[in-house]
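Order-wise, the sequence lines are chains X and W. Counting with the working numbering, you get residues 12 to 142 for the letters of the first sequence. Counting with the working numbering, you get residues 12 to 142 for the letters of the second sequence. Just so it is clear, CB atoms sit at the ideal spot from N, CA and C, and this is done for glycine as well. No experiment lies behind these values; they were computed from the predicted model shown. Here's the structure we're looking at; comments come further down.
Protein chains: 2
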Amino acid sequence: MDIQNKKLTIQEVAKATGLTPHTLRYYERIGLIHPINREENTRRCYTMDDVGWIEFLLKLRATGMSIKDMQRYAELQRQGDETLPERVEMLKSLRDKVESHIEEMNEHLKLIHYKIDYYSKVVEERELVKV
Amino acid sequence: MDIQNKKLTIQEVAKATGLTPHTLRYYERIGLIHPINREENTRRCYTMDDVGWIEFLLKLRATGMSIKDMQRYAELQRQGDETLPERVEMLKSLRDKVESHIEEMNEHLKLIHYKIDYYSKVVEERELVKV
DNA sequence: GCTTGACTTAGAGCACACTCTAAGATGTAA
DNA sequence: TTACATCTTAGAGTGTGCTCTAAGTCAAGC
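As structure tokens, then:
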């Protein structure tokens, strides 16, 4: 069988994505994932495309996008190419948010470095006094 | 009155820090802030030092430190200089977490940039076909 | 003196994002 | 065939971090 057409069980997708079967069904229920095909029986049969989409979702999630916004994005995706401009706008807004978040983290990092250095020196001096 | 010794009401601290009075009381209740002095009556009287501590807390929070860890840090801070080594360890662990978080965000940012470019080109081509 | 508004507390309620339970159906191995 | 694991659903429960409510006290302005 073509590896691209390989069908996967919910367990296999869970293992591949790091999500639990519970969470995969939850994401489908709330519309983050389109209704997965059921082949032969009532059980879900995922494709590699589905896994790709879930991995993209996880990246959106990791950047701090809310479920609400991911639902909107998923809905647009299902509506087809007509919605590309709106999706680009969403991605641009996300890009700006992530960029300013990174800037903020870099600022906080400076303070953390400063505190580590300063406190380390104080500890050193206290050690010297003891000896 | 010396500006450093200026006493502040909960409203003033709320305005200065961006937290609400509710949240300020909550943070005190759970030990993120030491019990604030009550002068003349039962009402809280904050000092500039208190505001400085709260601002530091907000930076810890912004880096994703949990309330539980902030409680631990606050407790150590109140115990004095003996706990400096443990606080340095906490800060080092936070530094590592923030650094790898920033790295991850930069990776995600690349994908977002790529998608924006790719989709923008697709949209452009669709526009050309229409005209 | 009275109203208005800010303060106090303990504790309830909320939004988010899962995470799990219960009860039943179905597939797989011995 | 029997046992057991895994699947299904709807819906309840959980952890985190607030956020608000209720009921009462207090102080300042009209």
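A73/X belongs to the set of residues whose beta carbon lies under 7 angstroms from a beta carbon in chain W. Taking the C-beta atoms as reference points, L35/X is found nearer than 7 angstroms to I21/X. Judged by their CB atoms, L43/X and M101/X are not nearer to each other than the 7 angstroms cut-off. A residue is called buried when at least 16 other Cβ atoms come within 10 angstroms of its Cβ; V140/X does not meet this threshold and is exposed. Under the three-state reduction of DSSP output, L71/W falls in the helix class. The residue among E50/W, P32/W, F67/W with its C-alpha nearest the C-alpha of K121/X is F67/W.
In the three-state reduction of the DSSP assignment, L87/W falls in the helix class. When DSSP states are grouped into helix, strand and coil, R36/W belongs to the helix group. A Cβ-Cβ distance of about 7 angstroms is found for the pair T74/W and M116/X, placing them in contact under the 8 angstroms criterion.
Burial of R98/X is indicated by the presence of at least 16 other C-beta atoms within 10 angstroms of its C-beta. If you check the CB distance, V133/X and P96/W do not come in under 7 angstroms. Contact check for V24/W against V62/W passes: the beta carbons are separated by less than 7 angstroms.
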